[in-house]
Amino acid sequence: MSGSLDWKNVALSADVRLDQSGGDAGLMIRSNNEDLGVDAYNGYYAGLRSLEGTLIAGRSNYNWSEVSPASLPGGVHEHVWYHLQLVMYGCRLGASAENLSTHQTAFLLLQEDKCVPSGRIGLRSLSTGGQWRNVFVAQSTEAQLDAIAARAGGERNPQPLTTEATYAKHFSHYEPIEPVEHEWDAQLRAPSMHLGDLAGLRRDAPPRVLVRGVVTLTEPDIYIEDSTGGAMIKHPQGPSVNVGEGVEVSGEVHPLLYSAQLTQSSLRIISTGTPAPPLSVTPWQAASGAYDARFIETQGHLMHEVHSENGYQVLDLTEGGEAFRALYPERYGQALHSLRVNSLVRLRGVCVLGTAYTQDLIPFLIFLRSSDDVQVLQGPPWWTPWHLAFVAFFTVFLACSIQLSYFRFRQWQKDAISRERERIAHDIHDTMAQSFAGIGYQIQGLRTSIIRNATVSREEIAHELASTSDLVSRCHADASHTIEMLGAASPEEAGDLLGMLAERTYKLSGGNIRVYKEEQGTVRPFSLRIRAVLFHIGQEAISNAITHGLPATIRFTVRYEKRSATMMIVDDGRGFDATPEGEGFGILGMRHRVRDIGGSLEILSAPGVGTRVDVTFPLPRLDLVQRLMLHGLLHRRPRASIIPES
4 MSGSLDWKNV ALSADVRLDQ SGGDAGLMIR SNNEDLGVDA YNGYYAGLRS
54 LEGTLIAGRS NYNWSEVSPA SLPGGVHEHV WYHLQLVMYG CRLGASAENL
104 STHQTAFLLL QEDKCVPSGR IGLRSLSTGG QWRNVFVAQS TEAQLDAIAA
154 RAGGERNPQP LTTEATYAKH FSHYEPIEPV EHEWDAQLRA PSMHLGDLAG
204 LRRDAPPRVL VRGVVTLTEP DIYIEDSTGG AMIKHPQGPS VNVGEGVEVS
254 GEVHPLLYSA QLTQSSLRII STGTPAPPLS VTPWQAASGA YDARFIETQG
304 HLMHEVHSEN GYQVLDLTEG GEAFRALYPE RYGQALHSLR VNSLVRLRGV
354 CVLGTAYTQD LIPFLIFLRS SDDVQVLQGP PWWTPWHLAF VAFFTVFLAC
404 SIQLSYFRFR QWQKDAISRE RERIAHDIHD TMAQSFAGIG YQIQGLRTSI
454 IRNATVSREE IAHELASTSD LVSRCHADAS HTIEMLGAAS PEEAGDLLGM
504 LAERTYKLSG GNIRVYKEEQ GTVRPFSLRI RAVLFHIGQE AISNAITHGL
554 PATIRFTVRY EKRSATMMIV DDGRGFDATP EGEGFGILGM RHRVRDIGGS
604 LEILSAPGVG TRVDVTFPLP RLDLVQRLML HGLLHRRPRA SIIPES
């Protein structure tokens, strides 16, 4: 076979020679679903038949039907080359044959209403060897077919041939050589019996009988069966046979327990046909012996991996409490090795109960003819011990993962609470603690004045208490502000950050410090959270500068980069030794706040040179609308300003 299943209108030609008389050889076209057996395909065939000297053409669909053959002048002889041509167009097939020695020709036409639409091409012979050369295939045309049809005759809707008609037609003119004919005539005098009756014959004097049947298996031995039973033919003399051929066998009967075998036998082919359909039985029925040497169909579960043994692929199966085997010749390929253990499979083959094969270890075995005789009905069940172990492991792993996730979540909650407490502590230090420290300093100064100067007037004491009252009010405001910060951003923080810091500096210093503020680069917005962090860091830096540095000027600058910004607070105070060991709670709080927004803090200072605090933090990306809005704001907003002293 060759070509594609999609080939439709094809012209196929070749030179054909028959090696023996008594059969036919030719070409196949539009062939599909090929299987083991005679005429086991769906398609068309045309060839040369030597017994009648005719050109034949017909349709095979697991049986055979043909149109009336066309006689080839001079007949069809072995060892003579003939040129055969097939033209298929639409639902018509034209065939022509030419004797290349005498140039005598014959033509034939076949037509069907419901034809095979497409298929492969192939070479075919029946009951004879053949040779082919100059095989050529091309696309056909309607003109080619019309040329053959003009010189051919045929039948529309060909009728199938019966087995007896096939035998009478194909073998009525059979002319074997004299020795074979004499021997076979002698064998025909043996009694004719049904295969099912052979097991009941006497075992002490094996009679010679004549039986007929259809071939069901050819390897390792030939098995035949009829409607009554089956038998094994041991090394028969005669032509090679194929599955599905009808044969007549003469030989000595050796009855077995459930069937029989024939030895010293002679065989001849009497008909062609399709393989007999299998008998559907259960493994228990097959083990009973009633179907020994019969072509059966049964099913079972595969117990082990398919393995090789004595040249066969071995399938160990079980079903309904019966264990059995199936054998398939290993030289035909390894297709069955892909079967998985515990699969439910359907098997078709010849049932054998002989101890030579079963070794009395299993009740029966099945000889398979093709890998197509094994069909997987259902894959192995999922709930195998390995899968159950996997599910148990996965369940334990999932439970442990959930438990670990729960512990990590609780730990995350604890860490979040700790961080929040630390943040609140820094907030209180930056606001109320500083205010309380100022109140303490004010009261301590008033106490010292009273102790050192007993003549302090009431007006002076009232003035000091008024200052203390102002500090208390300011502390209250700071506490309220801190409480607001613990909930949501205050309206102040949504405004101008540098303006707020400058205003804070002016109030804390009593207007004695000159304040500068400046923005550099393209102004970018940042979130309320970042603004709040920068505001608190600025407050801490201002408080430290006024308390410890006594500066004359403080400069606030925000420099905008492409994806980040830096707030710089620079004063010209006394400065200090900026080392990690000397950092107090306030500076540690500033560093903690900067880490919360993904930024960094740098403090540069030395005694006598002032202090510089740099806070660098990331900025969010701007879309096009935000850029346009900022561009408009930059034209209306001053870039730098100075806060007057008073």
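Heads up, the sequence shown is in the working numbering, so the first residue is 4 and it goes up one at a time.
C-beta atoms are modelled at their ideal positions from N, C-alpha and C, and glycine is treated no differently.
So, is residue 547 buried or exposed, given that buried needs 16 or more other C-beta atoms within 10 angstroms?
-> Flag for residue 547 reads buried.
Within the region 75-113, note down every full beta strand (DSSP E) run reaching 3 residues or more, in order along the chain.
-> Those beta strand (DSSP E) runs which fall completely within the region 75-113 and span 3+ residues are 85-92 and 95-102.
Out of 81, 90, 20 and 54, point me to the one whose CA is closest to residue 11's CA.
-> If you compare the alpha carbons of 81, 90, 20 and 54 with that of residue 11, the shortest gap goes to 90.
Leaving out five residues on either side along the sequence, give the residues of the same chain with a beta carbon under 6 Å from the beta carbon of residue 570.
-> Cβ neighbours of residue 570 beyond the five flanking positions: 537, 561 and 618.
Report yes if the CB atom of residue 304 is closer than 9 Å to the CB atom of residue 330, and no otherwise.
-> Contact flag unset, no.
Per the contact definition of three or more C-beta pairs closer than 8 Å, is the region 256-272 in contact with the region 310-324?
-> The answer is no - the region 256-272 does not touch the region 310-324, with fewer than three Cβ pairs under 8 Å.
Bridge partner(s) assigned by DSSP for residue 35 | In DSSP, residue 35 forms a bridge with 45.
Measure the beta-carbon distance from residue 121 to residue 8 and round it to whole angstroms, keeping in mind my assumption that it falls under 8 Å.
-> With a contact defined as Cβ atoms closer than 8 Å, residue 121 and residue 8 qualify at about 6 Å.
Report the residue from 78, 118, 21 and 98 whose alpha carbon sits nearest the alpha carbon of residue 33.
-> Ranked by Cα distance from residue 33, the options 78, 118, 21 and 98 are led by 118.
Using 8 Å as the Cβ pair cut-off and three pairs as the minimum, do the region 232-246 and the region 37-48 touch?
-> With the cut-off at 8 Å, the region 232-246 and the region 37-48 touch.
Straight-line CA distance for residue 495 to residue 503?
-> Residue confidence for residue 495 is low, a pLDDT of 42 falling below 50, so the modelled location carries little weight; the figure read from the coordinates is stated next. C-alpha of residue 495 to C-alpha of residue 503: approximately 8 Å in a straight line.
In this structure, does DSSP put residue 365 in helix, strand or coil?
-> DSSP, reduced to helix, strand and coil, places residue 365 outside both helices and strands of the structure shown, so it counts as coil.
Residue 19 burial status per 10 Å Cβ neighbour count (16 or more: buried) = Label assigned to residue 19: buried.
Residue 563 and residue 622 closer than 9 Å at C-beta | Yes. Within cutoff.
Bridge-paired residues (DSSP) for residue 135 | Looking at the DSSP output, residue 135 sits in a beta bridge with 19.
Limits of the unbroken beta strand (DSSP E) element including residue 64 | Residue range 57-64 is occupied by the beta strand (DSSP E) that includes residue 64.
Cross-strand partners of residue 326 (DSSP beta bridge) | In the DSSP assignment, residue 326 is bridged to 321.
With a cut-off of 8 Å, do at least 3 Cβ pairs link the region 520-537 to the region 581-588?
-> A contact between stretches requires three or more CB pairs, one per stretch, nearer than 8 Å, and the region 520-537 fails this requirement with the region 581-588.
Is there contact here, the region 100-110 with the region 73-88, by at least three beta-carbon pairs under 8 Å?
-> Under the 8 Å Cβ criterion, the region 100-110 counts as touching the region 73-88, having at least three qualifying pairs.
By the 10 Å Cβ neighbour count, where 16 or more other Cβ atoms means buried, how is residue 520 classified, buried or exposed?
-> With a threshold of 16 other beta carbon atoms within 10 Å, residue 520 meets it and is buried.
Between the beta-carbon of residue 214 and the beta-carbon of residue 234, is there less than 9 Å?
-> Cβ atoms of residue 214 and residue 234: closer than 9 Å.
Three-state class that DSSP yields for residue 223 in the structure shown = Coil, per DSSP.
Between the Cα of residue 144 and those of 107, 126 and 95, spot the shortest distance and give me the residue it belongs to.
-> Ranking 107, 126 and 95 by Cα distance to residue 144 puts 95 first.
Bounding residues of the beta strand (DSSP E) (the contiguous stretch that carries residue 500) | First-last for residue 500: 500-512, but that is the alpha helix (DSSP H), not the beta strand (DSSP E).
Proximity of residue 52 and residue 79 at Cβ, strictly below 9 Å | Yes, Cβ-Cβ distance for residue 52 and residue 79 is below 9 Å.
Can residue 131 and residue 26 be called in contact, C-beta distance under 9 Å?
-> Yes, Cβ-Cβ distance for residue 131 and residue 26 is below 9 Å.
Assign residue 306 to buried or exposed, taking buried as 16 or more other Cβ atoms, counted over all protein chains shown, within 10 Å of its Cβ.
-> With fewer than 16 Cβ atoms within 10 Å of its Cβ, residue 306 is classed as exposed.
Alpha helix (DSSP H) runs wholly inside the region 555-636, at least 4 long, in chain order = List check, alpha helix (DSSP H) in window: 588-599.
Give me the Cα-Cα distance between residue 334 and residue 374, rounded to the nearest whole angstrom.
-> Straight-line Cα distance between these residues: approximately 12 Å.
Buried versus exposed call for residue 539 [16 or more other C-beta atoms within 10 Å across all chains shown] | With 16 or more neighbouring CB atoms inside 10 Å of its own CB, residue 539 falls in the buried class.
Take residue 688 as the anchor and find which of 63, 197, 59 and 344 has the nearest alpha-carbon.
-> The chain is shown only over 4 to 649; residue 688 falls outside these bounds and no answer can be derived.
Measure the C-alpha to C-alpha separation of residue 195 and residue 356 and round it to an integer number of angstroms.
-> If you draw a straight line from the Cα of residue 195 to the Cα of residue 356, it comes to about 25 Å.
Jot down the residue ranges of each uninterrupted beta strand (DSSP E) in the region 229-275, minimum 3 residues, whole runs only, in chain order.
-> With a minimum length of 3 residues, the continuous beta strand (DSSP E) runs that stay inside the region 229-275 are 233-236, 249-258 and 263-274.
Where do the N-terminal and C-terminal ends of the alpha helix (DSSP H) with residue 536 fall, by residue?
-> Where residue 536 is concerned, the enclosing alpha helix (DSSP H) stretches over 531-547.
Go ahead and pull the three-state DSSP assignment for residue 6.
-> Residue 6 falls in the coil class under three-state DSSP.
Simplified DSSP state of residue 332, which is helix, strand or coil | Three-state DSSP puts residue 332 in a strand.
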